[in-house]
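Following the working numbering from start to finish, the sequence shown increments by one per residue and tops out at 1152. We put the beta carbon where it would ideally sit given N, CA and C, even for glycine. Take a look at the structure set out below.
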Amino acid sequence: MEDKWRLVDLFLEYKGLVTQHIESYNHFVQVGMTELMEGETNKTIRSESDQRWFVKYERIYVGKPSVNEDMVIHETTPQTCRIRDLTYAATIYVDIQYWRGDCVHRRRGVDIGRMPVMLRSCLCVLNGKSREELERLGECPYDPGGYFIVKGVERVLMMQEQALTNRIIVELDSNKNVQAFVTSSTIDNKSRMVVCEHPSVRKAGLYVKHSAFTELLPCSVVLRAMGVQSDIEIVQMVGVERKYTDCLLASLQEMHEKDIFSQKSALAYLDAKLKYKQEKIEGQAKTTGFYKNLDSWAVLQTQFLSHVECVKGNMGPKIRYLGLVIRRVIAAQMDQRLVDDRDYYGNKRLELSGQLVSLLFEDQFKNINAELSRQADILLGKWHQQTAARKADLSGYPDLMEMWATGGKSRLTQAMTHAISTGNWNIKRFRMDRAGVSQVLSRFSYMSCVGSMMRVKSSFEKSRKVAGPRALQPSQWGMLCPADTPEGEQCGLVKHLSLLTHVTTGESEASLRQMLFCLGVEDAEALSGEELHHKGNYIVFLNGTLLGAHRRPNKLMNNMRYLRRVGRVGEFVSIYEHEGWHAIWVASDGGRLTRPLIIVKDEKPCFVPEKHVPLMVKPKSQGGMSFADFLKQGVLEWVDVNEENNLFIAIRPENITAQTTHLEIEAITLLGVVSGLIPYPNHNQSPRNTYECAMGKQAMGCIAMNQFTRTDTLLLGLVYPQKPLCTSKTLNLVNFHHLGAGQNASVAVMSYSGYDIEDAIVMNRGSLDRGFGRCFVMRQTKVPMQAYDNGLKDMTAPPPSSNGEKVRPNHFASFSCLNEDGVTGVGEKLEDGYIIVNKISPAETKELVSVDHNLKYRATPAVYKNPVSSYVDRVIYTQDYEGKSLYKVITRQTRRPELGDKFASRHGQKGVVGLIVGEEDMPFNDKGWRPDLIMNPHGFPSRMTVGKMLECVGSKAAVMEGLFSNGSAFTNTPATEIYKTLIKNGLAPSGKEYLTSGVTGEPIESYIFCGPIYYQKLKHMVVDKMHARARGPRMVLTRQPTEGRAKEGGLRVGEMERDCLVAYGAANLLLERLLLSSDVCNPTVCRRCGLFCGRPDWCKFCNTADYVTLVRMPYACKLLFQEMQSMNVTCRLNLVER
15 MEDKWRLVDL FLEYKGLVTQ HIESYNHFVQ VGMTELMEGE TNKTIRSESD
65 QRWFVKYERI YVGKPSVNED MVIHETTPQT CRIRDLTYAA TIYVDIQYWR
115 GDCVHRRRGV DIGRMPVMLR SCLCVLNGKS REELERLGEC PYDPGGYFIV
165 KGVERVLMMQ EQALTNRIIV ELDSNKNVQA FVTSSTIDNK SRMVVCEHPS
215 VRKAGLYVKH SAFTELLPCS VVLRAMGVQS DIEIVQMVGV ERKYTDCLLA
265 SLQEMHEKDI FSQKSALAYL DAKLKYKQEK IEGQAKTTGF YKNLDSWAVL
315 QTQFLSHVEC VKGNMGPKIR YLGLVIRRVI AAQMDQRLVD DRDYYGNKRL
365 ELSGQLVSLL FEDQFKNINA ELSRQADILL GKWHQQTAAR KADLSGYPDL
415 MEMWATGGKS RLTQAMTHAI STGNWNIKRF RMDRAGVSQV LSRFSYMSCV
465 GSMMRVKSSF EKSRKVAGPR ALQPSQWGML CPADTPEGEQ CGLVKHLSLL
515 THVTTGESEA SLRQMLFCLG VEDAEALSGE ELHHKGNYIV FLNGTLLGAH
565 RRPNKLMNNM RYLRRVGRVG EFVSIYEHEG WHAIWVASDG GRLTRPLIIV
615 KDEKPCFVPE KHVPLMVKPK SQGGMSFADF LKQGVLEWVD VNEENNLFIA
665 IRPENITAQT THLEIEAITL LGVVSGLIPY PNHNQSPRNT YECAMGKQAM
715 GCIAMNQFTR TDTLLLGLVY PQKPLCTSKT LNLVNFHHLG AGQNASVAVM
765 SYSGYDIEDA IVMNRGSLDR GFGRCFVMRQ TKVPMQAYDN GLKDMTAPPP
815 SSNGEKVRPN HFASFSCLNE DGVTGVGEKL EDGYIIVNKI SPAETKELVS
865 VDHNLKYRAT PAVYKNPVSS YVDRVIYTQD YEGKSLYKVI TRQTRRPELG
915 DKFASRHGQK GVVGLIVGEE DMPFNDKGWR PDLIMNPHGF PSRMTVGKML
965 ECVGSKAAVM EGLFSNGSAF TNTPATEIYK TLIKNGLAPS GKEYLTSGVT
1015 GEPIESYIFC GPIYYQKLKH MVVDKMHARA RGPRMVLTRQ PTEGRAKEGG
1065 LRVGEMERDC LVAYGAANLL LERLLLSSDV CNPTVCRRCG LFCGRPDWCK
1115 FCNTADYVTL VRMPYACKLL FQEMQSMNVT CRLNLVER
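This is the structure we're talking about:
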């Protein structure tokens, strides 16, 4: 059974790391767009001005990714879009038929706009390509895909965590009273209904709260309005037991007091409580028919519990559903254990890329249709008023297709591009206003890229200090990584999927509904309220909708699971029993978290190593088995969060008992991709693993195989990245050994001088000379060549020559790296202030200038601004998405570690370089080995990172054997085996060695713990942060020094620094820092009136110069007084002689 972890490898071949994004997008393109077009309000567009005119959609599809240049369309690739700052998008086409004149016309392939294409999706040119083909296209074969390229920038849509819709959720309100709510969500409508107690203590009974009504409504009145004729029927719909009837009596009595005894009187009562008397008609032009009258019956049919379908006006399903909601509230009042947990992950759904893009497309598609309908009303109305219409002359009949395609196309393209490029999903139609939906794909390292794709963002406000949504829920076991979450205010709100987690896409309900009826579910339509709630019955729900009842729940569940395992039902359909509510929930909706488990039958796993492992190793062509084959043969099955509640899952094969139903595939799958970077994580303190998940994304290394052909704004990489000696199964599965982000350092744990306190490390200069920690930094500088309205555009000019003129010293040095075309050459060394591109711009950009006219240009060069010199790596000349010329200059710096640079191990132990020591002064052993770095032993006791010690001895044993050690979570190489290996190779099992001091030449008094540990160089380097200033620029408004290193800003002496100077009594230093070196000024003030004088020698208020005095004060103080004067608040200075 040890080889069952190979199933994880098969899963990644079958699904991949980011399959949830890609499958969701594919589902939208292949199914969702067509369903949207087939919608009742979208299929056909009509006009009020001409009853015969219509436009009908027949088909919608998306072409290949392409770019339109000079009216010529040709296919493009992702790498081309990155280099040229283009959007990787494809054209959306529709086939339509429409009325024009006196007949129906058809058009094929009408272009309605462009939609960004997700990489590796079914539309992408990379889909299904082999490794060699990907390399020819300039792509990294290990790139996961699942993101968009918009204007040359890679952006990923984060998975959005949303509350469950179309389900009954019972909770406690702010007053600790029980209430139940249902958030109904359909394509046409979204609403929320609450059943609760009245806030007034005097009023008993239960009430219904809905946004369409102005106040709370007695639940019995709502049931009567929906068609329940008698009181006994109302009681039967809720329950005939004593506890239910007692709670309903107050509501029934209130209904009688209001003289409501019929459906008509109940509807009249609801009409008086309506909030809005008119409703907007969706998809219609803004004419007289834009609104229709609204009554309570229409609200009950369309807005109240809108997810419950009423066929031909039959309100029976909604009556039964409302009765269930009331029943649950009463039951939860009697037993608080029946209150739902809102943070339970079965009550959450994830919105994926496909759903988010679908909402955006639906909104724009409806806008296009509404605009077309509006144009048709205007143009056809004008035509009917003309003489040609009366004479039946159809030659001038307007052709709306030509005008519509141009306007609607650009709007749809701009809306989708803008939303993905900014991350703002502002859709008024669906009352959606979210920010930060899309983020720039992090390319600091390969792990940060993969981690961005697995990220889940909660809708909970990060500023609220509430523990519930942030806590690690038991329901997240195996679905979400327990370690990978950020620190600070987003802790617990931003999460990451576990290794084998898959997010479902929606499946059709029709066949599943029919299947359940065939398995013995009695249709709710055929049951009365009393029969539905009979003691032996279990109520069956399908995606939150009441389906019926079943008398043998265990038989139904076993049959459904059998059908799922043999492939008769969708593999992601879940069925589970809620004992408290006596209900069975069948779910096939999208956004559920699922994971695969091995099925256990008769205390034996269905996975048999002797039979299945050889088939796993074989290729498919030779009879091998894939992950899909294991699902079809009933060895594995997908399980969601809710179904896990009915299962007994064993962690290891030896834990299987008679009650066990499933077995975990591998313990490492409980963690995510990024936390798989940590060796021996189960031996570390939990916060250390969380710290490493954050730092592992900041580690330099190899970001992709095509990193030297990319044009990222900032690219950080190691010159000599290595594979870790102590690896894990997760790292091997996600190809980390091809794209390493660190180096194996020989570490000695000892105290060496005083420069290693507070986690600082002492480094060996000889190791740095050999390339340890050496990195490169590549930056991109864009130089756009602007084209102006008067026909002129920016140009490049050759470097100037002296011609005998006197110029300032080093004037020509800044032009020394330019070629004759005015652009820097590859390989040139750039110093601070050197010109990269000698660009010149026309002086006149608005008015037209004659060609013969002597054109004047001004210098607008692109200057290299960095105190550290760089070399030009590449120069690219291309055109961007607007057709403008563009220079991209990529500069390169090679850096070796220096004092202050940040390093970290894979156990959350970070530290800066405190001292660099010559190799001759480092301690050594009898074989001449010297450590690359020395770590202070005080880093272990309080941090409790035992995993780091195990990594050290494990890597040491691996080196002696010429192998890689296994540091996987829960299934790592045991310490006893490591000890045996070390003893076999003549080393101490404790990992300690006898060392001699390199300074004194004497033996060190104690044995030193040492061995190889994988160290990461982080992006925080002292060169990028070091800053000092004597004199420099000031802000115009306050005359204080600017702020920030990029603006050559001053170093702020803040409040705490001021307090320190006050405590020391350093008055003159305080005066110098806060006044003389900041914004000192000497305004003139009149001693008589106390106001500032407009002139240096005259007070215009007193009309005299006798009292004018110079005063030294901060300019910000003077500015404050003058701003207050502008608001009619006078500040007078009372001057006293010193």
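**OP:** Please classify R1072: does DSSP put it in a helix, a strand, or coil?
**Re:** Looking at R1072 - three-state DSSP - the assignment turns out to be helix.
**OP:** Tell me whether E83 is buried or exposed, calling it buried when 16 or more other Cβ atoms sit within 10 Å of its Cβ.
**Re:** Classification of E83: exposed, given that the 10 Å Cβ count is below 16.
Subject >> Between the CA atoms of R606 and Q250 - distance to the nearest angstrom >> reply: Going by the C-alpha atoms only, they are around 34 angstroms apart.
Subject >> contact_flag[the region 890-904, the region 94-104] where n(CB pairs < 8 angstroms) is 3 or more >> reply: Contact between the region 890-904 and the region 94-104 is present, because at least three Cβ pairs lie under 8 angstroms.
Original post:
Cα separation between L1090 and L1133?
Top reply: L1090 and L1133 have their C-alpha atoms spaced approximately 17 angstroms apart.
**OP:** Can you say whether G550 is buried or exposed, counting buried as having 16 or more other CB atoms within 10 angstroms of its CB?
**Re:** Under this definition G550 is an exposed residue.
**OP:** Using the Cα positions of G637 and D643, report the straight-line distance between them to the nearest angstrom.
**Re:** Approximately 11 angstroms, taken between the alpha carbons.
Subject >> Closest by C-alpha distance to R388, when choosing among F1135, G914, K646 and F68 >> reply: The shortest Cα separation from R388 among F1135, G914, K646 and F68 belongs to F68.
Original post:
Identify the residues that DSSP records as bridge partners of T810: which are they?
Top reply: The partner list for T810 (beta bridge, DSSP) reads K853.
**OP:** Under 7 angstroms Cβ to Cβ from L24, same chain only, skipping five residues before and after it: list those, please.
**Re:** Exclusion of the five residues before and after L24 leaves M630, S640 and F641 as the residues of its chain whose Cβ lies within less than 7 angstroms of its Cβ.
Original post:
Which residues mark the beginning and the end of the alpha helix (DSSP H) in which A972 is found?
Top reply: Note, A972: alpha helix (DSSP H), V960 to E975.
Original post:
Which same chain residues, not among the five before or five after T1056, have their C-beta less than 8 angstroms away from its C-beta?
Top reply: So the list reads G1046, P1047, R1048, M1049, E1062, G1063 and G1064, once near-sequence residues are dropped.
Subject >> Cβ distance (whole Å) where V931 is taken to contact R1087 below 8 angstroms >> reply: In fact, because the Cβ distance is near 37 angstroms, the residues do not count as touching under 8 angstroms.
Original post:
Taking the alpha-carbon positions, what's the E365 to L1084 distance?
Top reply: Each residue's CA atom was taken as its position, placing E365 and L1084 some 56 angstroms apart.
Original post:
Just how far apart, CA to CA, sit S919 and P610?
Top reply: Rounded to the nearest angstrom, the gap between the Cα atoms of S919 and P610 is 33 angstroms.
Original post:
Roughly how many angstroms separate the alpha carbons of V480 and M574, rounded to a whole number?
Top reply: Computed Cα separation, rounded: 40 angstroms.
Original post:
Roughly how many whole angstroms lie between the Cα atoms of L577 and E89?
Top reply: The alpha-carbon atoms of L577 and E89 are separated by roughly 45 angstroms.
Subject >> Three-state class that DSSP yields for V252 in the structure shown >> reply: Three-state result, V252: helix.
Original post:
If you draw a straight line from the C-alpha of S489 to the C-alpha of I1018, how long is it?
Top reply: Rounded to the nearest angstrom, the two C-alpha atoms are 53 angstroms apart.
**OP:** Just the C-alpha distance for I163 and H510, rounded to the nearest angstrom, thanks.
**Re:** Take the alpha-carbon of I163 and the one of H510: they are about 23 angstroms apart.
Subject >> Check whether H1214 and R1059 have beta carbons under 7 angstroms apart >> reply: Residue coverage of the chain in this structure runs from 15 to 1152, which leaves residue 1214 outside it and unanswerable.
Original post:
What is the rounded straight-line gap between the Cα of L1161 and the Cα of N986?
Top reply: The displayed coordinates of the chain run from 15 to 1152. Any statement about residue 1161 would go beyond what the structure contains.
**OP:** Say whether chain D places a C-beta atom closer than 7 angstroms to the C-beta of V124.
**Re:** Absence of chain D from the displayed structure is noted, only one protein chain being present.
**OP:** Kindly indicate the opening and closing residues of the beta strand (DSSP E) around S899.
**Re:** Annotation for S899: the continuous beta strand (DSSP E) segment containing it runs S899 to R909.
Subject >> N698 classed as buried or exposed, judged by whether at least 16 other C-beta atoms fall within 10 angstroms >> reply: N698 comes out buried.
Subject >> Assigned secondary structure, E147 (DSSP; H/G/I helix, E/B strand, else coil) >> reply: Residue state, collapsed to three classes: helix.
Original post:
Terminal residues of the continuous alpha helix (DSSP H) containing F379?
Top reply: That run of the alpha helix (DSSP H) goes S367 to Q399.
Original post:
Got a sec, what are the start and stop residues for the alpha helix (DSSP H) N1148 sits in?
Top reply: Taken as a continuous stretch (DSSP letters only), N1148 belongs to no alpha helix (DSSP H), as it is neither H nor E.
Original post:
Among residues of its own chain, excluding the 5 on either side of S372, which ones have a beta-carbon nearer than 6 angstroms to its beta-carbon?
Top reply: If we look at S372 and ignore the five residues flanking it on each side, its Cβ neighbours are F42 and G46.
Original post:
What residues match up with Y71 in a beta bridge as DSSP calls it?
Top reply: Looking at the DSSP assignment, Y71 forms a beta bridge with I110.
Original post:
Taking C-beta to C-beta, are T519 and G581 nearer than 7 angstroms?
Top reply: The criterion of a C-beta distance shorter than 7 angstroms is not satisfied by T519 and G581.
Original post:
What residue range is occupied by the uninterrupted alpha helix (DSSP H) comprising D783?
Top reply: Looking at the DSSP string, the run of the alpha helix (DSSP H) that includes D783 is R779 to D783.
Subject >> Through-space distance from V688 to S472, alpha-carbon basis >> reply: Roughly 19 angstroms between the two C-alpha positions.
**OP:** To the nearest angstrom, report how far apart L947 and G928 are at their CA atoms.
**Re:** It is roughly 11 angstroms from the alpha-carbon of L947 to the alpha-carbon of G928.
Subject >> Terminal residues of the beta strand (DSSP E) in which L11 lies >> reply: Past the edges of the chain, shown from 15 to 1152, lies residue 11, and the structure says nothing about it.
Original post:
Alpha carbon to alpha carbon, what distance is there between N361 and V353?
Top reply: Taken atom to atom, the span from the alpha-carbon of V353 to that of N361 is near 13 angstroms.
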